[in-house]
Structure formats: C-alpha cells, structure tokens
Amino acid sequence: MTLDPALSDRLKRNADGLIAAVVVEHSTSDVLMMAWMDDEALERTLTTRRATYYSRSRKELWVKGETSGHVQHVREVRIDCDGDTVLLRVDQTGPACHTGTHTCFDTDERLLLADESENP
Numbered sequence: 012m013t014l015d016p017a018l019s020d021r022l023k024r025n026a027d028g029l030i031a032a033v034v035v036e037h038s039t040s041d042v043l044m045m046a047w048m049d050d051e052a053l054e055r056t057l058t059t060r061r062a063t064y065y066s067r068s069r070k071e072l073w074v075k076g077e078t079s080g081h082v083q084h085v086r087e088v089r090i091d092c093d094g095d096t097v098l099l100r101v102d103q104t105g106p107a108c109h110t111g112t113h114t115c116f117d118t119d120e121r122l123l124l125a126d127e128s129e130n131p
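See below:
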C-alpha cells in the first residue's frame, strides 16, 4: 500500500516522519486520544476504515482494538490547515484509552479550569 502522492505531498511530518492524529468520537465529539501515524498507517486507515497508528516505542504499526476488541471504525479523516495533524472521527467500541477509561482525557487533572461564570 502506498499513500496517494497528492495526499502525501500535503503532509508535513516531524523529524521521525510522523504526523499527529487526534481522535474524536463521532457521536459525542469527545476527544478520545492522540496517536501518531506514518504514511502507511494513514493509507491503511483510509483503505480499511480501521484506525491504524504507528507505535513509537515498538516501532511498528498497530490497529486500534486488534488485541483488546476496542476498535475504532473511522467515519471521517480531515487534515488540518498546516498539514501536520489529522483528525479522525470514529465510532468507538469500548474504552479508547489503554487504562480502560472512555477517553485518554478522563482524568480529574486539569491545567486550566473553565470559569463557570463565563459559561451560562
């Protein structure tokens, strides 16, 4: 599999040849997770509609849910204006986070809390 050259030319990769992938649940718009993709992971994602990422620690591709069963069916992929990030809108089966939570952003830790008075 080879990524379409026209699409490949639009992407700006980091020093490791990767682009960031932000994953959002299609039905709720919850931000589920962030992962990395190389060209092959993006091509496989577009071809199979199963979210495929690149593991920096294992230095290999992985398909979300392949071992856990917590799959991501990809509904839409968008490229940001700079071409260095893709946004995946997915139907998530089970938890998205490896810790077993719905999203990787479920913790109570917040760097900045919304001011309740600003949101009526």
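Residues 12 to 131 (the working numbering) make up the sequence shown, in order.
Every residue gets a Cβ at the ideal spot worked out from N, C-alpha and C, and that includes glycine.
Point to revise | alpha helix (DSSP H) segment containing residue 19, residue limits | key: In the sequence shown, residue 19 corresponds to position 8, counting from 1. That run of the alpha helix (DSSP H) goes 16-21.
**Study point:** Nonlocal neighbours in the same chain, by C-beta distance under 8 Å from residue 101, ignoring five residues either side
**Key:** Counting from 1 along the sequence shown, the entry for residue 101 is found at position 90. 34, 35, 36, 37, 43, 62, 83, 84, 85, 86, listed in sequence order.
Exercise for review: Pull up the DSSP beta-bridge partners for residue 88, would you.
Suggested key: Within the sequence shown, residue 88 is the residue found at index 77, counting from 1. As computed with DSSP, residue 88 is found in a beta bridge with 99.
Check your understanding: Based on Cα-Cα distance, which residue from 119, 122, 115, 90 lies nearest to residue 19?
Key -> Translated into positions along the sequence shown, residue 19 becomes position 8. With distances taken between Cα atoms, residue 19 lies closest to 90.
Practice item. Between the Cα of residue 27 and those of 68, 109, 92, 98, spot the shortest distance and give me the residue it belongs to. Key: What you label residue 27 is simply residue 16 of the sequence shown in a count that begins at 1. That would be 68, whose Cα lies nearest to the Cα of residue 27.
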